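Participant: Numbered per our numbering, the sequence shown spans residues 232 to 477.
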Amino acid sequence: MTAGTPAIEIRGLRKSFGDVEVLRGIDFTVAAGEVVCVVGPSGSGKSTLLRCVNLLEEPTGGTVTVGGVDMSDPDIDLDAMRRRIGMVFQQFNLFPHLSVLENLTIAQRRVLGRDREKAGRIARENLVKVGLADREDSFPSQLSGGQQQRVAIARALSMGPGLMLFDEPTSALDPELVGDVLGVMRTLADEGMTMMVVTHEMGFARDVADRVVFMDDGRVVEEGTPQEVLTRPEHPRTKAFLARVL
Ligand code: ADP
Ligand code: MG
């Protein structure tokens, strides 16, 4: 990725499921090192937008470029591009029959071809980063939801992604477990990771985001600094949404 090339550039993005258009022309850019939080009501298209970035959903129109590469170009190595994009979901999707360490090493070994020693070293570095160095032999069912989500983040990081997508990573957690996960995400942001985060955690958006994008009904209604969007929203729909969630 050359300096100055946006990490993500979305232009005129449209996505329909059958007759229903759920993304209706989305434009925005995420700069390298930037943290962008995407907020908005349920059903507004946030998850679909995120899934279009790594082509888990195929856009019906418009373009998505990642690091200057057009994701819909049939000549690119899509798997190689996806390896540069880490994704963390609301549900942690860990392998229940594998230990924490194995959850972190399996894709490194199978997809990246790393040997056991190197994969293990990288996995352990990332377990330290998420505060779970002592749990490498545990199985997912022995961990709290917050710990499982931190394992999922460490697993994504172990692939060495250039950017990270988070889709409501704390929405499935008991309230007392949310803070640890947000803390890990904050550390990542401080280290300069490029991040696109769909979240209802307005405190996180206010403190950590460089920019907040408010979506409603398949469109970006308002975007700006957290101050602009969360403290002094201009659009009536943003105001109504914030009045409900804050
Ligand atoms: P959000 O994440 O903001 O809640 P989504 O992107 O999940 O919104 O969904 C936007 C709209 O698209 C919703 O109306 C949802 O029902 C619809 N949708 C999402 N995925 C599919 C799909 N695979 N097939 C049909 N409709 C879908
Ligand atoms: Mg969603």
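C-beta atoms are modelled at their ideal positions from N, C-alpha and C, and glycine is treated no differently. Values in this document were obtained by computation on a predicted structure and should not be read as measured data.
Which residues in the same chain have their Cβ closer than 6 Å to the Cβ of residue 361, if we skip the five residues on either side of it in sequence?
Facilitator: Only 381, 384, 385 and 415 meet the Cβ criterion.
Participant: Tell me which residue opens and which closes the alpha helix (DSSP H) that residue 342 is part of.
Facilitator: Looking at the DSSP string, residue 342 is not in any alpha helix (DSSP H), and its letter there is neither H nor E.
Participant: Identify whether residue 296 lies in helix, strand or coil by the three-state DSSP scheme.
Facilitator: strand
Participant: Taking 5 Å as the limit, tell me which residues put their C-beta closer than that to any heavy atom of the ligand ADP, in chain order.
Facilitator: 248, 253, 273, 274, 275, 276, 277, 278 and 279
Participant: Return the bridge partner residues of residue 425 from the DSSP annotation.
Facilitator: Residue pairing of residue 425 in beta bridges, as defined by DSSP: 394.
Participant: Could you tell me whether any non-hydrogen atom of the ligand MG is closer than 8 Å to the CB of residue 398?
Facilitator: yes
Participant: Indicate the three-state DSSP secondary structure (helix, strand or coil) for residue 240 in the structure shown.
Facilitator: strand
Participant: Taking residue 254 as the reference, give the member of 322, 265, 288 and 431 with the closest Cα.
Facilitator: 288
Participant: Look at the Cβ atom of residue 442, then the Cβ atom of residue 268, and state whether they are nearer than 9 Å.
Facilitator: yes
Participant: Would you decide whether residue 406 is buried or exposed? Buried here means 16 or more other CB atoms lie within 10 Å of its CB.
Facilitator: Classification of residue 406: exposed, given that the 10 Å Cβ count is below 16.
Participant: Whether or not the region 317-326 and the region 388-397 are in contact is what I'm after, with contact meaning three or more pairs of Cβ atoms, one per stretch, closer than 8 Å; do they touch?
Facilitator: Yes, the region 388-397 touches the region 317-326.
Participant: Is any non-hydrogen atom of the ligand MG found closer than 8 Å to the C-beta of residue 429, if you look at the structure I gave you?
Facilitator: yes
Participant: What are the residues that DSSP puts in a beta bridge with residue 257?
Facilitator: 244
Participant: Would residue 342 be called buried (16 or more neighbouring beta carbons within 10 Å of its own) or exposed?
Facilitator: Only exposed fits residue 342, as fewer than 16 other CB atoms lie within 10 angstroms of its CB.
Participant: Going by DSSP in three states, residue 271 sits in which element: helix, strand or coil?
Facilitator: If DSSP states are grouped into helix, strand and coil, residue 271 belongs with coil.
Participant: State the start and end residues of the unbroken beta strand (DSSP E) segment that holds residue 356.
Facilitator: Run containing residue 356: none in the beta strand (DSSP E); it sits in the alpha helix (DSSP H), 347-360.
Participant: Does the region 327-342 come close enough to the region 356-372 that 3 or more CB-CB pairs lie under 8 Å?
Facilitator: yes
Participant: Since residue 238 and residue 425 should fall inside the 8 Å C-beta cutoff, what is the C-beta to C-beta distance between them, to a whole number of angstroms?
Facilitator: In this structure residue 238 is in contact with residue 425, their Cβ atoms being roughly 4 Å apart against a cut-off of 8 Å.
Participant: At 3 residues or longer, what runs of the beta strand (DSSP E) sit wholly inside the region 280-331?
Facilitator: 292-297 and 316-319
Participant: What residues match up with residue 446 in a beta bridge as DSSP calls it?
Facilitator: 451
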